[in-house]
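*Asks:* If you scroll down you'll find the structure; I have some questions about it.
In our numbering, the protein residues as written are 136 to 1183.
Laid out in C-alpha cells, this is it:
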C-alpha cells in the first residue's frame, strides 16, 4: 500500500461525509429566497387612491412625510432592562442594586417631562440574535432564517430592498436627511466583562451622555430613534433565543408632540421589524419590497391635540399601505417559489381583499367612518400579523427527501469506514484499484447529471451534483469490495466492535435524541469517560495485560531471539486510572452552565482576568496562569530531551529550544497587557494598544515559522560520525550496489538502524587506526512522535491566545490527562514484530470521548450564545474592516480548538490521532530501561552483552511498511466512524424531532456544532497522517543518503 493511497482513500471517505452533511443541511436548515425587486414612489403598492394629504405635495410618495430628518442611534446589545426606568422600591423591600440599572437616566427624564413626545418600547427580536442578522432585519423588515447565523461574519452587503437604499435614492439636496450611529461599546463590554460588571455602568453612562447631547440639539422636524439590535445573556453573550437575548430597547423622541396619549405603565411589546415600515412612511419613503413588519400605528395618530377620528383615519391609512405592500410581496414570492403554504396564503388574500374593500368604502363615505374604522384597523392588523406568522412557519419547512438522502449518505459512509477498517490490515487487499473505480464512476455520474440538467434547461444544484457524485462512487466500491473480498470473510469479523465499546457508543448516541441530555451533556460526558476508564482497567486485568507494552526485540539476521516481558501487578494501570479520573474531575470545574439550567452557576474562572475587580486576586491568578504556561513548555521540552530528540541540531529542535520560550514569553506579556489595559495611564495607552496588536501576531508568526521548519526538516535526531575499525557485522542485502527501489530500502533500513545502535553503545571494536566511517544516531526510534508532538506544541500557543487566561490551567490538566490516557491505552496494545499493527476500538473511542470532554472543559456549549466572540479581536482590537474570513477563522479556532487541538501534549484530538498508533512503540523504551536496572538481569547482561539490543521503538514500523500504512489507514477509518456515527445520530434526532418544541434551541445548534466539528476533525486527521508520512519519507531519504555515504 502506497502513502498516497492512504490519504486519497481517507479524503474520498471524508467527501462522502461532507456530501451527506451538506445534503441534509439543505433540507433541514432552509434559506429564504431573497427577491431583487424594489419599491418606488412611481409604483404604488396596490390599486386604489393614496391616503389623503399625499396627493399633490412636492416630494410626496406613498404617504406625505411627517419628519424631514431622522437620527438613528443603534446601541449594539442594548437590552431592554438597560433602558427601562428604575422605579422606587416598595416600602419594606430591599432596593435592587445592579450596575446597569438607571444609567440611561435621560430617557426616564424625557418620558416624565415630555410624555407626548417620547415612547419606550420593548422590541421583540427574532432569533438568531447575531448582529448582522439584526441589522438585516432593521433595514429590510424581513426575517433572516436560522442558517443565516453563519453569515454573521460573511455579510458585507444586503441584496434585498432596504431603508438605506431608499434613503440614498431619495436624497436630492446637499443637506442631510438621516444620521446613523452604531455604537459597539455595550456589546464589547458585555462580551468582555458581562452585564453585571462596573464597566457596563460606565459604558451605559457614556451612552446616556450621547443621547442627552443629541436631544439638546434636535430640531422640530427631526425624529430621534434609539434602538438595540438584540439583548445579551447573564454572561454577556448573544445569538440564541432566550428572553434576555430577544428583548431589546426601542426609544422614540421628537421635539414636537408625537403621541396623543401618555405612555402606559408597562411598555408595549412590538416586533423589531415593525420599525422598518414605520420609519419609511414617517420619512415619506416607500416601504422596502420584502418587508413583513407591521407599522406602529400609534406613531401616525398625531400629537396630543389631534382629533380621535383623524387619528384613527391616519392609522388606517398607514396600515392599508403596509398591507398592500405585504400582499404584493406575498404574491411575488409565491410566484417565484413554492415555500409558502397555499391554503393559508389563500385565506390571507381573502382577508386582505375584504379589509381593502372596507377601507375604500370608508374613504368614499367618511360620514360613517367613526363606527367602521376600528373594524377596518383590526382586519388590517389581523392580515399583517397572519402574514408574518405564515412566513415564519413556511420558512421553517423541511425538505424530507433531502434530509433522508443526507442521512442515508452518512450511514453509507459509516458503513464503508466499518468495513474498510477490517479490510485495511488484510494482506493483498487492492485498495488502489478499488479507489480508482469509485472516483471514475463518481466523475461520470456527476458529468451525466450536469449534462442532463443542461439539456432540459434546469438550474444546476451543486448540492445535488455532489450527492450524485457521492452515490455514483459509493455503490461501485461497495459492490466490487464485497464481491471480491467481503463475502469471503465471516460476517462476525465485519462487525468487530467489542461489546462493551458498542454499549458505551450506543449510550453516547442515545443522548442526542433527548433535549434534556443534550443540555446536560457537559455533566454526562465526564461521567461516561470515567466509567470507560474503569472499564479499560477491568478489561486489562481480566485479559492479563496489566503490564507495560511487550518488549520484543528484532532478531539479528539469521538468528532468533525472544524476550518475555515481566508481568506487573494492577498497581500500574490503577495509578494511571486514578490520575485520569482526578484530571477529569478537576477539568470539570471549568464548566459553563447552559441557559436552560438557571440553578446552575458557571465557573467564574472562565472569564478573562480583565473582568476581575481587585488587584491582588488578579495578580495571583496571573501568576498561576503563567506558571501553567511554563509547566506546559517545560513538560514538552523534558519529553523531547528524555527521548534524545531535543539534542538534535536540526532547525525544528533549535526552534523548540529558543523559539518556544519566546512564544511563551509573548503569550504571558499579552495576558499582562489584556488584563490590565483598563488600569494603564493615558501616557502609556498608545504603547499598550500597539503591543496588544503586535504580540499575538508575533506569536502566530513564530508558530508558523516553526511549522515550516518542521515540514522542511522533520527528522529530529542527533548524528555523530567518526573513523572506526571495520565493523564486525556486515549488512547482507539481496542486491548489489545502492538500493534502487522502495522494497530494497525497506529491507536494508532496519539493519542499518541496528548497526548504528550497536556503534552508539560501544559494541563494535574501535581502534585508533583509520577505518570506514561509522555513524551513531541518538533515539531515532522516537522520530515520528517527536515530529507530531512538536507540531502540536506549535499549534497550542496560538490557540491559547484565543482563550481566556485561566484556560491555560485547563490545557495543563488536559496535557496530563492525555499523557495518562495514552499510557493506559498503550498497556493493552501489543507491539508485534512484523505486523499487522492495529489500534483497538477501545483506544479510538476513549480518544474521541475525551475530545468531547475537552470541548466543555474549555467553557464551550453547542449553542450560539456560548460562542466566544471576543476571540475575533485578539490581535485586532480595532476590528477587521471589510475583512470577514479572518474574524470567522479566529472565532472558529477558539470554538473548535478541542476538535483540532485536544488536551495539551498538546495532543490534538485529530492531528495527534496517529499518537494512538505510535505511543505503544514509544513506551517500549520504558520496559527496556526497567529491565536494565533490574538486579536479576545484571549477571545475564554481563554474560551476553551483545544479545541485549536497545529497543527499536518506532523503527519497528519500518520493518513492515505495508502494515504501517495499513495501520494508519485503519486508524483514520475507525476515527472517522466514531465521529460519523455521532453526526448521523444528530441528523436522525433532528429529523425525528423536527417539530419538537426545542428543535431550534437544542437540536439544530447541536447538529451545526457537530457538523462543523466533524469537518474540523477530519481535516486535522488528514493533516496528522500527512505529517507522519512526511516524516516517514524524510527518514527514508535520510537513510538513503547515509547508505550512499557508507558505500563511498
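Glycine included, each C-beta is placed from N, C-alpha and C at the ideal position. Source: prediction; values computed, not measured.
1) For residue 1185, count the other beta carbons within 10 Å of its own beta carbon; 16 or more makes it buried, fewer makes it exposed. Which is it?
2) With contact counted as at least three CB pairs below 8 Å, one residue from each stretch, are the segment 932–942 and the segment 736–745 in contact?
3) The beta strand (DSSP E) that contains residue 1194, what's its start and end?
4) Could you check the C-alpha separation between residue 409 and residue 363 for me, to the nearest Å?
5) Please determine, among 977, 1114, 1171 and 731, the residue with the shortest C-alpha to C-alpha distance to residue 673.
6) Could you compute how far the alpha carbon of residue 841 sits from the alpha carbon of residue 787?
7) DSSP three-state call for residue 476: helix, strand or coil?
8) By the DSSP assignment, the beta strand (DSSP E) with residue 256 in it spans what residues?
9) Within 10 angstroms of the Cβ of residue 328, are there 16 or more other Cβ atoms? Answer buried if so, exposed if not.
10) Going by beta-carbon coordinates alone, are residue 1122 and residue 605 separated by less than 7 Å?
11) When we look at the beta-carbon of residue 1003 and count the other beta-carbons within 10 Å, is it buried (16 or more) or exposed?
12) Nearest CA to the CA of residue 345: which residue from 206, 852 and 1112?
13) Please state the DSSP three-state secondary structure of residue 971.
14) As an exercise, report each continuous alpha helix (DSSP H) stretch of at least 4 residues that is fully enclosed by the segment 712–766, in chain order.
15) Which first and last residues belong to the beta strand (DSSP E) in which residue 397 is found?
16) Closest to residue 1109 by C-alpha separation, out of 415, 735, 554 and 386, would be which residue?
17) When every heavy atom of the ligand SAM is checked, does at least one fall within less than 6 Å of the C-beta of residue 321?
18) With a Cβ-Cβ cutoff of 7 Å, do residue 1048 and residue 916 count as a contact?
19) If you scan the segment 395–455 from start to end, which runs of the alpha helix (DSSP H) of 4 or more residues do you find wholly inside it?
20) Ignore the nearest five residues each way along the sequence and tell me which others in residue 701's own chain have a CB closer than 6 Å to its CB.
21) Which residues mark the beginning and the end of the beta strand (DSSP E) in which residue 388 is found?
22) Please report the distance separating the alpha-carbon of residue 704 from that of residue 675.
23) Taking all protein chains shown into account, decide if residue 1176 is buried (16 or more other Cβ within 10 angstroms of its Cβ) or exposed.
24) Note down, in chain order, each residue of its chain lying with its Cβ closer than 6 Å to the Cβ of residue 453, except the 5 sequence neighbours on either side.
25) Using the Cα positions of residue 789 and residue 157, report the straight-line distance between them to the nearest angstrom.
26) Quick one: residues in its chain with C-beta nearer than 7 Å to the C-beta of residue 254, no 5 flanking neighbours on either side, listed in chain order?
27) Give the straight-line distance between the Cα atoms of residue 472 and residue 168, rounded to the nearest whole angstrom.
28) In chain order, what residues of the same chain lie with their CB nearer than 6 Å to the CB of residue 670, ignoring the 5 residues before and after it?
29) Give the C-beta separation of residue 559 and residue 151 to the nearest angstrom, bearing in mind that I take them to be a contact with Cβ-Cβ under 8 Å.
30) Do residue 265 and residue 374 have their beta-carbon atoms positioned less than 7 Å apart in this structure?
31) On the premise that residue 949 lies in contact with residue 1189, defined as a C-beta separation below 8 Å, what is that separation, rounded to the nearest angstrom?
32) Are residue 211 and residue 319 closer than 7 Å when you measure CB to CB?
33) Just to confirm, are residue 772 and residue 996 a CB contact at a threshold of 7 Å?
34) Under a three-way DSSP split, which group does residue 357 fall into?
35) I think residue 422 touches residue 523, with their Cβ atoms under 8 Å apart; what is that distance to the nearest whole Å?
36) Would residue 236 pass as a contact of residue 221 if the rule is Cβ separation under 7 Å?
*Replies:* The relevant details are as follows:
1) Past the edges of the chain, shown from 136 to 1183, lies residue 1185, and the structure says nothing about it.
2) yes
3) The requested residue 1194 is not part of the displayed model; the chain covers only 136 to 1183.
4) Locating residue 409 in the chain shown gives position 274, counting from the first residue. Locating residue 363 in the chain shown gives position 228, counting from the first residue. Each residue's Cα considered, the two are about 14 Å apart.
5) Indexing the chain shown from 1 puts residue 673 at position 538. Comparing Cα-Cα distances from residue 673 to each of 977, 1114, 1171 and 731, the minimum goes to 977.
6) As a working note, residue 841 is residue 706 in the chain shown. As a working note, residue 787 is residue 652 in the chain shown. Answer to the nearest angstrom: the Cα atoms are 6 Å apart.
7) The sequence position of residue 476 within the chain shown is 341, counting from 1. Residue 476 falls in the coil class under three-state DSSP.
8) Numbered from 1 along the chain shown, position 121 holds the residue referred to as residue 256. 253–259 is the span of the beta strand (DSSP E), which, as asked, contains residue 256.
9) Here residue 328 refers to the residue found at position 193 of the chain shown. Answer is buried; the Cβ neighbour count reaches 16.
10) For the purposes of this step, residue 1122 is taken as residue 987 along the chain shown, with counting starting at 1. For the purposes of this step, residue 605 is taken as residue 470 along the chain shown, with counting starting at 1. It is not a contact, given that the beta carbons lie outside the stated cut-off.
11) If you number the chain shown from 1, residue 1003 lands on position 868. The residue is buried, with at least 16 neighbouring Cβ atoms inside 10 Å.
12) Along the chain shown, one-based indexing puts residue 345 at 210. Per the Cα distances, 206.
13) Counted from its first residue, the chain shown places residue 971 at position 836. Coil.
14) none
15) Residue 397 sits at position 262 when you count from the first residue of the chain shown. Residue 397 -> no beta strand (DSSP E), and no H or E assigned at all.
16) Walking along the chain shown from the start, residue 1109 turns up at place 974. Out of 415, 735, 554 and 386, 554 has the C-alpha closest to the C-alpha of residue 1109.
17) Of ligands this structure carries none, so the ligand SAM is not represented either.
18) Sequence index remark: in the chain shown, residue 1048 carries index 913 (1-based). Sequence index remark: in the chain shown, residue 916 carries index 781 (1-based). Taking 7 Å as the Cβ cut-off, residue 1048 and residue 916 do not qualify as a contacting pair.
19) 410–417
20) Indexing the chain shown from 1 puts residue 701 at position 566. Confidence at residue 701 is low in this model, with a pLDDT of 38, below 50, so the placement of that residue is unreliable and no value is reported for it.
21) As a working mapping, residue 388 is identified with position 253 in the chain shown. Residues 382–388.
22) Indexing the chain shown from 1 puts residue 704 at position 569. Indexing the chain shown from 1 puts residue 675 at position 540. Model confidence at residue 704 stands at a pLDDT of 49, short of 50, so the residue's coordinates are unreliable; what they give is reported in the following sentence. Rounded to whole angstroms, residue 704 and residue 675 show a C-alpha spacing of 11 Å.
23) As a first step, residue 1176 must be located in the chain shown, where it is residue number 1041. Counting Cβ neighbours within 10 Å, residue 1176 comes out exposed, since fewer than 16 surround it.
24) Counting from 1 along the chain shown, the entry for residue 453 is found at position 318. So the list reads 416, 430 and 435, once near-sequence residues are dropped.
25) Within the chain shown, the letter at position 654 stands for residue 789. Within the chain shown, the letter at position 22 stands for residue 157. Looking at the two C-alpha atoms, the distance is approximately 44 Å.
26) Numbered from its first residue, the chain shown carries residue 254 at position 119. Only 387, 394 and 398 meet the Cβ criterion.
27) Taking the first residue of the chain shown as position 1, residue 472 is located at position 337. Taking the first residue of the chain shown as position 1, residue 168 is located at position 33. For residue 472 and residue 168, the distance between alpha carbons rounds to 8 Å.
28) Walking along the chain shown from the start, residue 670 turns up at place 535. Cβ neighbours of residue 670 beyond the five flanking positions: 635.
29) Position 424 of the chain shown, counted from the start, is the residue given in the question as residue 559. Position 16 of the chain shown, counted from the start, is the residue given in the question as residue 151. The pair is not a contact, with the Cβ atoms about 17 Å apart (cut-off 8 Å).
30) As a first step, residue 374 is located in the chain shown; it is residue number 239 there, counting from the start. As a first step, residue 265 is located in the chain shown; it is residue number 130 there, counting from the start. In this structure, the beta-carbon distance from residue 374 to residue 265 falls below 7 Å.
31) Since the first residue shown for the chain is 136 and the last is 1183, residue 1189 is missing from the structure and cannot be characterised.
32) Start at 1 with the first residue of the chain shown, and residue 211 comes out as number 76. Start at 1 with the first residue of the chain shown, and residue 319 comes out as number 184. The criterion of a C-beta distance shorter than 7 Å is satisfied by residue 211 and residue 319.
33) The count along the chain shown starts at 1 and reaches residue 772 at position 637. The count along the chain shown starts at 1 and reaches residue 996 at position 861. Cβ atoms of residue 772 and residue 996: not closer than 7 Å.
34) On the chain shown, position 222 is the one that residue 357 refers to. Strand at residue 357.
35) Start at 1 with the first residue of the chain shown, and residue 422 comes out as number 287. Start at 1 with the first residue of the chain shown, and residue 523 comes out as number 388. Rounded, the Cβ-Cβ distance is 14 Å, inconsistent with contact.
36) For the purposes of this step, residue 236 is taken as the residue at position 101 of the chain shown. For the purposes of this step, residue 221 is taken as the residue at position 86 of the chain shown. Yes, these two residues count as a Cβ contact at 7 Å.
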